[in-house]
Amino acid sequence: MKQTVAAYIAKTLEQAGVKRIWGVTGDSLNGLSDSLNRMGTIDWMPTRHEEVAAFAAGAEAQLTGELAVCAGSCGPGNLHLINGLFDCHRNHVPVLAIAAHIPSSEIGSGYFQETHPQELFRECSHYCELVSTPEQIPQVLAIAMRKAVINRGVSVVVLPGDVALKAAPESASSHWYHAPLPQVTPAEEELKKLAQLLRYSSNIALMCGSGCAGAHKELVDFAAKLKAPIVHALRGKEHVEYDNPYDVGMTGLIGFSSGFHTMMNADTLVLLGTQFPYRAFYPTDAKIIQIDINPGSIGAHSKVDMALVGDIKSTLSALMPHLEEKTDRKFLDKALEHYRDARKGLDDLAKPSDKTIHPQYLAQRISHYADDDAIFTCDVGTPTVWAARYLQMNGKRRLLGSFNHGSMANAMPQAIGAKATAPDRQVVAMCGDGGFSMLMGDFLSLAQMKLPVKIVIFNNSVLGFVAMEMKAGGYLTDGTELHATNFARIAEACGIKGIRVE
Numbered sequence: 001m002k003q004t005v006a007a008y009i010a011k012t013l014e015q016a017g018v019k020r021i022w023g024v025t026g027d028s029l030n031g032l033s034d035s036l037n038r039m040g041t042i043d044w045m046p047t048r049h050e051e052v053a054a055f056a057a058g059a060e061a062q063l064t065g066e067l068a069v070c071a072g073s074c075g076p077g078n079l080h081l082i083n084g085l086f087d088c089h090r091n092h093v094p095v096l097a098i099a100a101h102i103p104s105s106e107i108g109s110g111y112f113q114e115t116h117p118q119e120l121f122r123e124c125s126h127y128c129e130l131v132s133t134p135e136q137i138p139q140v141l142a143i144a145m146r147k148a149v150i151n152r153g154v155s156v157v158v159l160p161g162d163v164a165l166k167a168a169p170e171s172a173s174s175h176w177y178h179a180p181l182p183q184v185t186p187a188e189e190e191l192k193k194l195a196q197l198l199r200y201s202s203n204i205a206l207m208c209g210s211g212c213a214g215a216h217k218e219l220v221d222f223a224a225k226l227k228a229p230i231v232h233a234l235r236g237k238e239h240v241e242y243d244n245p246y247d248v249g250m251t252g253l254i255g256f257s258s259g260f261h262t263m264m265n266a267d268t269l270v271l272l273g274t275q276f277p278y279r280a281f282y283p284t285d286a287k288i289i290q291i292d293i294n295p296g297s298i299g300a301h302s303k304v305d306m307a308l309v310g311d312i313k314s315t316l317s318a319l320m321p322h323l324e325e326k327t328d329r330k331f332l333d334k335a336l337e338h339y340r341d342a343r344k345g346l347d348d349l350a351k352p353s354d355k356t357i358h359p360q361y362l363a364q365r366i367s368h369y370a371d372d373d374a375i376f377t378c379d380v381g382t383p384t385v386w387a388a389r390y391l392q393m394n395g396k397r398r399l400l401g402s403f404n405h406g407s408m409a410n411a412m413p414q415a416i417g418a419k420a421t422a423p424d425r426q427v428v429a430m431c432g433d434g435g436f437s438m439l440m441g442d443f444l445s446l447a448q449m450k451l452p453v454k455i456v457i458f459n460n461s462v463l464g465f466v467a468m469e470m471k472a473g474g475y476l477t478d479g480t481e482l483h484a485t486n487f488a489r490i491a492e493a494c495g496i497k498g499i500r501v502e
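Heads up: the sequence shown is residues 1 to 502, going by the UniProt record's numbering.
See the structure below:
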């Protein structure tokens, strides 16, 4: 019996090390489902909503750094993937989406459930192609997988259900070679030029994002040599904040006053692996230097006086021998003193009350009791505020969220993906009542898959951050109130232990 296109896809994914596929099955996915059942080496992870499948795959990819996969049936099925895929793409994690399609002979006829996935997914992917004939599948699948991994983002393969059931080309091989990510270091001349610029700069501050992942030692050594305070963006928190005597907190809308003032008072600001988007939080008179692996990030959100393209770890390592060590600590010590005051103010807000459970106190307790290698997810809005300010990172803990795309309802789906990927690690989802209820149907998926995730719902019966923004803008908070709900009872009805804390 000849190998089908669907079987070829399944075997290639197996060769690439894929362990599971997230999605909601449907008849246009029958070929893939049958192939997975026959192989028995890749788990089908059934969610109630395809958006959850995409978020879960994104969490898996973020934790492992490897390709994760989700799938949706034709029309509305794969269309439901799109918000989660936008989040994956903007988080720069490698995800392959298999978007099943209507019968190929009916495309363009207005057929039942017809959409044009190759157009719909193009904005949230590096690669999106329709497979019209079996002869296309070897190259389309290989290109899609490699682009997702190398370019760190989403690829989409659009596959009509009838094409999936046809015989794959006999010459097609499912062998997979994983091309390693390149290390990119700027030219020696550019490094010397930057070192010279830093030599004659004073009051230097560093602003660090998720591009600093894996470069903690190099970053701290760099700051030590320049006597530079380190400000971090939200996505840089888990990579920068811990064991760091130069860290002065976060900046931005939910940041610390110390981070804001450090950047605003700097004469020279070095941006390291960050796409921090808020122009109002950049200094207007400072010299700004940017180092980033992505050339498209250079100068995207602020003016730049000098820029180097390279990964942070290898670039800082190559730069260090060219630097002269500075001795003046005045700017650094002032920033550190401001940070200590800001930290004390935030910690004071987290003290227990005999009347009300304040969210600051709850977040601090979560951090205190969580495992040393816990994985945290947080919903957009106030749960992100409390996570950013009160969760303590240590180099082993992870923090996942919708920090670029800013989608509600991400925390529980990402926790599902995280727990399936790392079953031996504690996973804690910090959910808002608005975010949790938006995709609450997949609480049933959590129960069905028997994933022991800790779900903490900040239940304040309001879309909290939206209400704050409306108040700050002088608007009434119409439409932000939520019906008071006892989520513990819902949990019990789903077969999950629920505890309501008054």
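Heads up, the beta-carbon is just placed ideally off N, CA and C, and yes, glycines get one too.
With residue i as the anchor, note down where its beta strand (DSSP E) starts and where it stops.
i           : result
residue 504 : Nothing can be reported for residue 504, as the shown portion of the chain is limited to 1 through 502.
residue 454 : 454-458
residue 279 : Segment: none, residue 279 is in no beta strand (DSSP E) and carries neither H nor E.
residue 68  : 68-72
residue 43  : 43-46
Tell me whether residue i is buried or exposed, calling it buried when 16 or more other Cβ atoms sit within 10 Å of its Cβ.
i           : result
residue 247 : buried
residue 400 : buried
residue 281 : buried
residue 51  : buried
residue 290 : buried
residue 379 : buried
residue 8   : buried
residue 499 : exposed
residue 129 : buried
residue 352 : exposed
residue 522 : Here the chain covers residues 1 to 502 and nothing more, so residue 522 does not appear.
residue 377 : buried
residue 278 : exposed
residue 123 : exposed
residue 177 : exposed
residue 39  : exposed
residue 421 : buried
residue 364 : buried
residue 237 : buried
residue 218 : buried
residue 35  : buried
residue 117 : buried
residue 203 : buried
residue 437 : buried
With DSSP as the reference, identify every bridge partner of residue i, one or two as the case may be.
i           : result
residue 4   : 167
residue 290 : 271, 307
residue 377 : 400, 429
residue 130 : 158
residue 247 : 230
residue 206 : 230, 270
residue 24  : 72
residue 481 : 462
Return the Cβ separation of residue i and residue j in integer angstroms, given the expectation that the two are a contact with Cβ distance under 8 Å.
i           : j           : result
residue 231 : residue 259 : 4 Å
residue 506 : residue 229 : No answer is possible for residue 506: the residues shown for the chain start at 1 and end at 502.
residue 138 : residue 113 : The Cβ separation is near 28 Å, so there is no contact.
residue 414 : residue 58  : 7 Å
residue 226 : residue 326 : 6 Å
residue 25  : residue 79  : With 8 Å as the limit, residue 25 and residue 79 do not qualify as a contact, their Cβ atoms being about 16 Å apart.
residue 512 : residue 85  : Here the chain covers residues 1 to 502 and nothing more, so residue 512 does not appear.
residue 214 : residue 275 : About 17 Å; that fails the 8 Å criterion.
With respect to the alpha helix (DSSP H) encompassing residue i, which residues constitute its N-terminal and C-terminal limits?
i           : result
residue 516 : Coverage of the chain is limited to positions 1 through 502, which leaves residue 516 absent and any answer about it impossible.
residue 444 : 443-448
residue 98  : First-last for residue 98: 95-101, but that is the beta strand (DSSP E), not the alpha helix (DSSP H).
residue 254 : Where residue 254 is concerned, there is no enclosing alpha helix (DSSP H), given that its DSSP letter is neither H nor E.
residue 355 : Segment: none, residue 355 is in no alpha helix (DSSP H) and carries neither H nor E.
residue 470 : 464-472
residue 327 : Neither: residue 327 is in no alpha helix (DSSP H) and is coded neither H nor E.
residue 55  : 50-64
residue 317 : 312-319
residue 239 : 237-240
residue 18  : No alpha helix (DSSP H) contains residue 18, which DSSP labels as neither H nor E.
Any beta carbon of chain C sitting closer than 8 Å to that of residue i?
i           : result
residue 227 : No chain C is present in this structure, which holds just one protein chain.
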